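UniProt numbering puts the first residue of the sequence shown at 1, with every later residue one more than the last. Using N, Cα and C, we set each Cβ at its ideal position, and we do this for glycine too. Since the model is a prediction, treat every value here as computed from it, not as a measurement. Here is the structure we will look at, set down as structure tokens.
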Amino acid sequence: MEIKVKNCMEAFVFEALENALKSYPDVCKCDKCIADMAAWSLNKLTPKYVHSDLGDTYVRLEMYQKQHYTQVINIVAQAIEVVSKNPHH
């Protein structure tokens with residue numbers, strides 16, 4: 001039996017990172033730094049696991065509510081600051 005689940009928060013964090021990094025022209029945007037920023041963010045946020053496309057849609061709708069969206073943006077901004085001050089390369 002093959003059961004697949006995914007954390008919808010991953011796609012949401014990468015989307016928020018892509019948008020937020022446009023405001024940080026001097027921050028390194030190499031794959032390593034972006035992965036570190038995403039990992040840092042995901043470790044601070046509650047995961048949202050689903051097993052179907054319908055579940056993914058419901059979670060995305062929930063995440064775009066102002067309170068959730070603001071939380072993700074704030075965490076992503078913190079991740080950018082932390083990683084840019086201490087890059088692992």
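Pull the bridge partners of residue i from the DSSP assignment, please.
| i | result |
| --- | --- |
| residue 50 | 6 |
Determine, using beta carbons only, whether residue i and residue j come nearer to each other than 7 Å.
| i | j | result |
| --- | --- | --- |
| residue 41 | residue 76 | yes |
| residue 59 | residue 48 | yes |
| residue 29 | residue 21 | yes |
| residue 37 | residue 80 | yes |
| residue 68 | residue 5 | no |
| residue 63 | residue 14 | no |
Taking 7 Å as the limit between beta carbons, can you name the residues of its chain near residue i, skipping five residues before and five after?
| i | result |
| --- | --- |
| residue 7 | 47, 48 and 49 |
| residue 87 | 28 and 33 |
| residue 10 | 42 |
Please list, in chain order, all residues of the same chain as residue i whose beta carbon is under 8 Å from its beta carbon, the five residues on each side excluded.
| i | result |
| --- | --- |
| residue 71 | 45 |
| residue 73 | 16 and 20 |
Keeping to the same chain, check which residues put their C-beta closer than 6 Å to that of residue i; ignore five residues upstream and five downstream.
| i | result |
| --- | --- |
| residue 89 | 32 |
| residue 84 | 27 |
- Message: Give the list of continuous alpha helix (DSSP H) stretches no shorter than 4 residues that lie fully inside the region 11 to 86.
- Response: 31 to 44, 53 to 63 and 66 to 85
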